[in-house]
Structures are given as structure tokens and as C-alpha cells.
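Comments concern the structure below.
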Amino acid sequence: MPRSDAVWSAQGTTPDRIEAALRALLAERHAESASFIPARVLNMIAFVDDEYSGEIANRLRGVGRYAASRLLVLSYEPGRERLDARATIASDADPTPGQVALLRETVIVKLGDRHLDDLLTIADPLVVTDLPTLLWSPHGHQDAVDALLSLAQATLLDSVEEPDRSQAGQRAAIDRACELSRQVYVVDLAWLRSTPWRERVATVFDPIPMRRELHSLDAVTVRHHPDSRVAALLLVGWLASRLGWSLARSEVIAEGSDGRLCGSAQAESGEVRLTLKPAVDLQVPGLAGVELTSAAGLRVRLDREPGGLRAHRRDPGGRDRTWTLLGASRGEGGILGEGIRQALLRDPTYGAALAATQEMLPQVTRT
Amino acid sequence: MAAQPGQPTVEPAPENPLTAGLERLPVAPTTLVIFGATGDLARRKLLPALYNLAHEGALPERFHLVGVSRKEKARERYRAECEEAIRTYSRRTPDEDVLKKLLQHVRYVPGVFDDDSVYSELGKVLDGFEERAGEPLNRAFYLSTAPEFFPVIVEQLGRSKLQHHENAEVRVIIEKPFGTTLEEARELNRDVLAIFDESQVFRIDHYLGKETVQNMLAFRFANGMFEPLWNRNYIDSVQITASEDLGVGTRAGYYDHAGALRDLIQNHMLQLLCHVAMEPPGSFTAEEVRNEKVKVLNAIPEPTPADIAEMSVRAQYAAGHVGGEDVSGYLQEDGVPNTSTTETFAAIRLKVDNWRWAGVPFYIRTGKRLARKVTEIAVTLKPVPHLAFSQDGSLGVQPNQLVLTLQPNEGVSLRLGAKIPGTRMIIRPVNMEFLYGTSFLSQSPEAYERLITDVMRGDATLFTRNDEVEAQWRICDPIVAAWAKRPGPLAQYEAGSQGPAEADSLLLEGQRWRAI
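As you go down the protein sequences, you meet chains A and B in turn. Going by our numbering, 345 is the number at position 341 of the first sequence; the sequence numbering is gapless. Going by our numbering, 381 is the number at position 223 of the second sequence; the sequence numbering is gapless.
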């Protein structure tokens, strides 16, 4: 938590004045103690609805050490005419001789409709040159994202947050992620929620005899929070892309009356049945379990439980074994922090998983 | 690679296509056996490291821990001690569910290390895990005991046929010190390699597990701008310093037998020297990296008795002041004999006789109760050949100096000459600073987390090979022997100071120690 803050604010201001104020605040802090050093890791631009800006501030506080070194919040308030701003330079430690006390900068700019056409010129002077920039618009506002995209190297989104929970909405979310992927690196929180599952499925199938079974899988079932179907789709898309399954349009996944999605993919060894089931008892977004079976009779099942994932394996001979894969839940704060950290990395498998997921969902024209 | 449609998989050991893009790669199912399970290292470092790996989901899918120690106690008592150690020393607050589940995987085998029955019991425990798992599990034996037990445990493991296991890897991890002389190191290598193959042996130098040390390789080999300067043509000298402001504290028993040279220079600081001086490896594999380090060590001439007085200095701290407090001298510390001639400060000057480094002195110094705690490598470049500016009124144009700080503020600093604002061309040195902490979001894992993971994955890159440890001793052993022949009195330095004035005698003309 910040120990001490230097704050500047102004009403009816301009980006130039805000930037000058930031430089002055920084000089002031450095004069106060040579231990104060500005962190220079990542710019993050968050375009938010002003009425929900408190909720976003709370979410960002939860990311702990993964906070961006400069956070620029563009807080949109319909009808607002004036540009108001507040800049804060906070340190996460008291200055101590010989030790570094890192400074992080937060700039909140309140703006209205008349500023939307000038978003780029408002934001550009306020990001640190030569640092990667992550763009996040948690309340939608695709136009704002498009306007600011040229400033960013990565964009943060959450494919499960599409307000339209129908298959059409999910397809739209995946289409949007694909579109953005062609321009910048996409960090998708829905994808990150599946990371422990991907790691553990990879681990279970890592022993050499198990690797061979990967190529004779005949069914995959994923259980997910009712609102996290896209995370489940991405997990299946990942398996399909890594294992070379074909997802032809004729095999598209279809929605059943109980909310489950069923479909199939074509592997080299034959058809793979795909099932995505809502887990109504799951309290947190993300996945509840995954089960993979092979033609030879292997069944591997992973289920979320406190302290890790419960693994169950039935060998082709019928022998059952159960064990726990240890690991702590990261929570939603941890997921967002991981999303910010991932802006500095590159996962080469997301794009292929996304493309495979797009192929699974029927193309829909939204009105 | 993913199988392509229409292409049958023909490889006997196919790749796992699911690992691409994952930050954490799978680790084979493993049972870790810690000998010396109730000791300080296990409590303070190993158990917290294991917890943190569990927390992050980085332990193998099947993991068991077996503690072996002389003290008789019930399994539940040992689990309670593990829990207490984790709660006390973990770098993060434990998640109760993860901790509870990890402790369920803990067993304890009591007994003295030369007792056959300990190993037969251990064998039964290990077999039991595998029976329940339905498959062989890799085994890693961690020797976290006093060094005199290393050969005893290794011999017993061999006698009990625990050094190999069908369809699974067996590895042995040996803590420092790896011998206290060259002969002891050779003897221990002979004992260990009579039972285990070198590929199974992981000699720990925990410095190598530090992010800061690994960053040195990134700094040198991922940045093209330094390589053209990194040789005798441009570099005047290299200084490696590891200073502490603390005294021996509770380690007097160990430290008074070891001394500064054996405690830090023989292992950690020679490793740092290797990182500075090694040639770029062809690839970052264990063998290639270690081959390059051994080449550096082999290029350092073995000190002759005649050299030693000129290239080494030792001293003990006397009473003084640190941080405004009066502190005792070494001989007044609890547990230190008042006749001790153990050095608490050691400095040596080495040369690396090869094409790149001929004529460049490498100064290494370490000590306790010095002015402050710092570990750094300072590379001083040669001065400019001609200066066009008048030096009147100036602090002087000083040679460029590149300083890699490993702790406490990890970073890189480059000293440059710059003009003081004004009408005259007056130059003074300024620093261009880079601090790692300002540029990364991630928290560095503890060295032991990285090293334990590497053992379980069979990656020996960050561990010391047999020829490497012997080459380190070949350099230090003659100094240890010469000092033993001239026991004292030792030079003294005031606690909280820059070290003994005698250290200046090592410096070649025009060179000076950096301020600690």
C-alpha cells in the first residue's frame, strides 16, 4: 500500500499542464529523498465509465505488485464539458538511505463526449515514451479502444465479460479478440483463467506413455461457471490447436436445452466429442473441471478443490488413481494482476487457440 | 510439435505438444528426501521454498517429502515442525488449503546416518509411495547435513541400492561446503562418483540460483554493446566485492573453521568471476555453460608460495562502531576462541591467463563488519588516451566504470564524464543508473525455489560440476595452506570500516579499491 503520496489536481486543464505537473511532482519527490526512484515498467491506459471508476480503482488496488508503473485512467462522463485531472505519485515504501523506494504514477483524467474524438492527443503526452503500453476498457467502449490502439502494444480484455451471454455474444467476443489480435498483443483474462488447467493437463500428459494417449483422445468435457463459457471454449480451442484437430464448419458446436454445448472435432485418430457444461455451483468465474478420455479407455479428470486440483485417472486396464495437484487459487485480483504482467510477455499459443475457438462457434450476424 | 493429419507419429518419445507457451514446464513426479531435515537450512530455506513452489502450482503432479534426521519423533510432530518453519520463513503468507495438502505428503524417518536400518526404512517408504501412485517416481536425495556426513550418506545410499531406480531418475543434491581443501574435495568427488554418475550429482552453490547472478549472463550475452569492450584492450581491472555489515552472529561455530576465503571466495565469488570472464557459450545448456566456466578457472594460475604474500591479504575485525552502535571485535564474539586466527576479511588478486584477459587484474574481497552490505562487480575501463580539456577546477576525468550490483539494489551503473553547466569546460563524473527493481513487475523467486525445481527437472546448469569445484579449490587451496603455516597475528580492521589498510598492497599502480 502506498505510504505517502504527492498529489496535484486541476480543473479545466490540458494534457500539457498535466504532464508538466507530473514532472514537477517527480522532481519534488526526488528532492525529498534520493531513495525515491520512478518505476519504469509499463504504461496502462484504462478507459472507464466515470460512475464505475471506484469499482475499477478497487480492482486495480487488488493487483498488488503487478501495478503498472504509470496508470492513466480516462474516466468518461457523458455530458461533461471540461477536462479535469488528478495526478498522484505514490511510493510503496518509506525512503531509507541506501534503499530504493519505488514511485508509481496515477493520472485520472475526467472527460466527456466532446473529448472522445481527441482521445489520442489527450493520452499520448501522458504515457511514458519508450515503455510498453497496455490498453484496457473494462466497460466496453470499443470506439475508445480503437481510437487509442495506436498508442498500445497490448490490450487487456475479458472475453467472458461480453454482456450478451448467448452464443452470438460469445462469438462476437471471440471475433473482437481475433480482430484486436491482428493489431496488438491481446491479453485475455478468460485465457489466463485457464492457465492452471492448461499447465496441469500438460503435466498429466507429460510422461512419455501418456503423451502417446494425447493423439487418441476421443472426448473432452469441460465444466465451467455459467458466465465463463468462453474460458471453456478457449481451453478446448487450445487442445484443438495444439493437437491438430480439425474443426470444420459442419462439426460446429451446438447448444442444448440444459445450457450445455456439444460438438465434435476431427483428430487424426478419429472423432473427438466436445462437451461444455455449466457448473451452477461454482462461485467464481472460470473453470470447474475437465475430463479427457481416449479410445483405449484412459480417463483423466481434473476438478477444482481447495488447495489445488483433484486429479483422477482411470487406466485402460481399469485401475483408478486419485491425487492432488497443489496450487493456490489466484482470485480475481490475481487474475487481473497476471493480465498486467502478461502484457510484458508473449504467449505464442493464444492466437491459435483463439482461431480454433472462432471456428467452433457459428458465425452470427448481430443486429 | 502437434501431429499433422495424415502423418503417423513415428518417434519413440514424442514431444509433449501441450507445453508450448507455458511459463511453468511440467516436472516429473518426484519424492524429495532431505537428510538433515530438522536443521537450520531445511527450516529456513528448503521447506519455505517447497511451500512456495506448491503455492504456485510448480511442484510435480505427484510430490512427496521425506525428512530424515537423527532426532526420534513422530510423523505428526515433524509435520508440525514443517508447518511452523513454513509459517515463519515463507516469503508469502501460506494459503491454508495448500499448506494442509502439502503437509499430507510429508513423512519422517528417524535415525543416525550410518545406520543401515534407516535406509531400509527409507526404501520401504519410497516404495510405498510408488505402489500407491502405480508408477515409478523420481527420487532426489538432498544432503543438508554437516559435511562429514556427505560420504556416509552417499555410501549408505549405494549400499542400500537406492542410487538407481528402474524407470526413474535418482539424483543427489550436495550442499556446500564441498570439502575444505582440494584433497577433501577430490576425496568427496571420488566417494560420490563411486556411487552416482556425475549426471546424477547436483552440487549446490545457492548464489547461482539468484536471479541477480543469472542476470549477469543476460547482461553480457544479450547486449551486443559490451562485447567489443570486454577484453584486455579496454578493461583496466575488475573488482568483485561481497561485504557485510554484520558480524558472525550465531554462525561462529561454522565460521571460525571456515573463514572468509573458504566461506565466500572459494565458491560464490569465483563463480562471479567466471560469469564476468567466461566466453559466450554456444548454447545455454549445463555442459556448455560449465565448460566455459571451467576454462576460466583453468586459466587462473595456481598461486605459488612466493605469490601468496603479494596476492592475498587477510584480517580480522576489531571492535568498532556500526550504525551508531558499539560492536565487539571478532575475538570477543560468542563462540569464537580468543586465540582464533580465522580471517573475517580476505582479499586476493588473480589473473586470468588467456587471450581475452592477459594483464587484467581481478581483485576479489569479502569481509564481515565492513561499512555496509553490498555485493558488486566493478569493471574499470582504461582511461582515454588523450584529454583535450584543461582539468583546472575540475574533479578530473576518471575512467569509465561499469558496476553490476547484485545486492542490495540490483542494477547496473555506468560512470561517465560530463560537463558541469557553465561557461568553462569543467568535467566531473556522473552516473547513469539502471535498477532492475524499477523495470520489472515480477518478484524474484528465492534461489532455493529455482534450484530445487532444476534438480527435479534434471537441469544442472546452475550447479557446480566436479571439475569446476576442484578447479576452484586448486586456486584457493595454496592460499589456505600458506595462511595455515603463518597463523598470526592477523591484521586488524575497525568494525564498520572499509577493511584493513593492508588490502591496498594488492593494488597495481594507479588502481584503488572502490568505497564499500
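Where is the CB? At the ideal position from N, CA and C, for every residue including glycine.
Excluding five sequence neighbours on each side, which residues of the same chain lie with their C-beta closer than 7 angstroms to the C-beta of residue i?
i, result
"residue 240 of chain B", "205, 261 and 264"
"residue 268 of chain A", "255, 275, 276, 277 and 278"
"residue 460 of chain B", "632, 633 and 636"
"residue 231 of chain A", "164, 169 and 289"
"residue 617 of chain B", "444"
"residue 53 of chain A", "80 and 143"
"residue 447 of chain B", "439 and 619"
"residue 21 of chain A", "14"
"residue 325 of chain B", "294"
With a threshold of 16 other CB atoms inside 10 Å of the CB of residue i, please say whether the residue is buried or exposed.
i, result
"residue 15 of chain A", "exposed"
"residue 484 of chain B", "exposed"
"residue 59 of chain A", "exposed"
"residue 334 of chain B", "buried"
"residue 367 of chain B", "buried"
"residue 5 of chain A", "Note that residue 5 of chain A has pLDDT 42, beneath the 50 cutoff, so the model's placement of it is unreliable and the number below is only indicative. Exposed, since its Cβ has fewer than 16 Cβ neighbours within 10 Å."
"residue 574 of chain B", "exposed"
"residue 415 of chain B", "exposed"
"residue 653 of chain B", "buried"
"residue 498 of chain B", "buried"
"residue 210 of chain A", "buried"
"residue 537 of chain B", "buried"
"residue 28 of chain A", "exposed"
"residue 24 of chain A", "exposed"
"residue 154 of chain A", "exposed"
"residue 568 of chain B", "buried"
"residue 126 of chain A", "buried"
"residue 56 of chain A", "exposed"
"residue 442 of chain B", "exposed"
"residue 526 of chain B", "buried"
"residue 234 of chain B", "exposed"
Enumerate in chain order the residues of its own chain whose CB-to-CB distance from residue i is below 8 angstroms, with the five nearest sequence positions on each side excluded.
i, result
"residue 88 of chain A", "13, 14, 15, 16, 17, 113 and 114"
"residue 83 of chain A", "116 and 117"
"residue 196 of chain A", "339, 342, 343 and 346"
"residue 182 of chain A", "358, 359 and 362"
"residue 147 of chain A", "120"
"residue 207 of chain A", "329"
According to DSSP, residue i sits in a beta bridge with which residue or residues?
i, result
"residue 347 of chain B", "Answer is none; residue 347 of chain B lacks a bridge partner."
"residue 226 of chain B", "B:193 and B:267"
"residue 540 of chain B", "Answer by DSSP bridge pairing: none, since residue 540 of chain B is not bridged."
"residue 270 of chain A", "A:250 and A:275"
"residue 318 of chain A", "A:303 and A:324"
"residue 521 of chain B", "B:397 and B:507"
"residue 300 of chain B", "B:192 and B:331"
"residue 221 of chain B", "B:188"
"residue 561 of chain B", "B:536 and B:571"
"residue 159 of chain A", "A:139 and A:190"
"residue 13 of chain A", "A:90"
"residue 51 of chain A", "A:78"
"residue 313 of chain A", "A:308 and A:329"
"residue 655 of chain B", "B:528"
"residue 470 of chain B", "B:506"
"residue 499 of chain B", "In the DSSP output, where bridge partners are listed per residue, residue 499 of chain B has none listed."
Could you round the C-beta distance between residue i and residue j to whole angstroms and report it? I think they count as a contact, below 8 angstroms.
i, j, result
"residue 403 of chain B", "residue 531 of chain B", "5 angstroms"
"residue 312 of chain A", "residue 214 of chain B", "Actually they are not in contact, since the Cβ atoms of residue 312 of chain A and residue 214 of chain B sit about 11 angstroms apart, beyond 8 angstroms."
"residue 518 of chain B", "residue 663 of chain B", "Between residue 663 of chain B and residue 518 of chain B the Cβ distance is about 19 angstroms, and since that is not below 8 angstroms, they are no contact."
"residue 174 of chain A", "residue 216 of chain A", "At roughly 33 angstroms, the Cβ-Cβ gap does not stay under 8 angstroms, so residue 174 of chain A and residue 216 of chain A are not in contact."
"residue 427 of chain B", "residue 398 of chain B", "6 angstroms"
"residue 675 of chain B", "residue 236 of chain B", "No statement about residue 675 of chain B is possible, as the shown extent of chain B runs from 159 to 674 and does not include it."
Excluding the 5 residues preceding and the 5 following residue i in the sequence, name in chain order all residues of the same chain whose CB lies nearer than 6 angstroms to its CB.
i, result
"residue 647 of chain B", "none"
"residue 565 of chain B", "533"
"residue 615 of chain B", "185"
"residue 424 of chain B", "630 and 634"
Report task. Jot down the residue ranges of each uninterrupted alpha helix (DSSP H) in the region 88–156 of chain A, minimum 4 residues, whole runs only, in chain order. Result -> Runs of the alpha helix (DSSP H) inside the region 88–156 of chain A: 123–127 and 146–152.
Report task. Counting only runs of 4+ residues fully inside the region 386–439 of chain B, write out the alpha helix (DSSP H) ranges in chain order. Result -> Qualifying alpha helix (DSSP H) stretches, in chain order: 410–418 and 428–435.
Report task. Ignoring anything shorter than 4 residues or poking outside the region 234–262 of chain B, list the alpha helix (DSSP H) runs there in chain order. Result -> For the region 234–262 of chain B, whole alpha helix (DSSP H) runs of length 4 or above, ordered along the chain, are 254–262.
Report task. With a floor of 4 residues, list each alpha helix (DSSP H) that falls wholly inside the region 202–251 of chain A, ordered by position along the chain. Result -> For secondary structure counted as the alpha helix (DSSP H) over 4 or more consecutive residues, the region 202–251 of chain A holds these complete runs in sequence order: 212–218 and 233–247.
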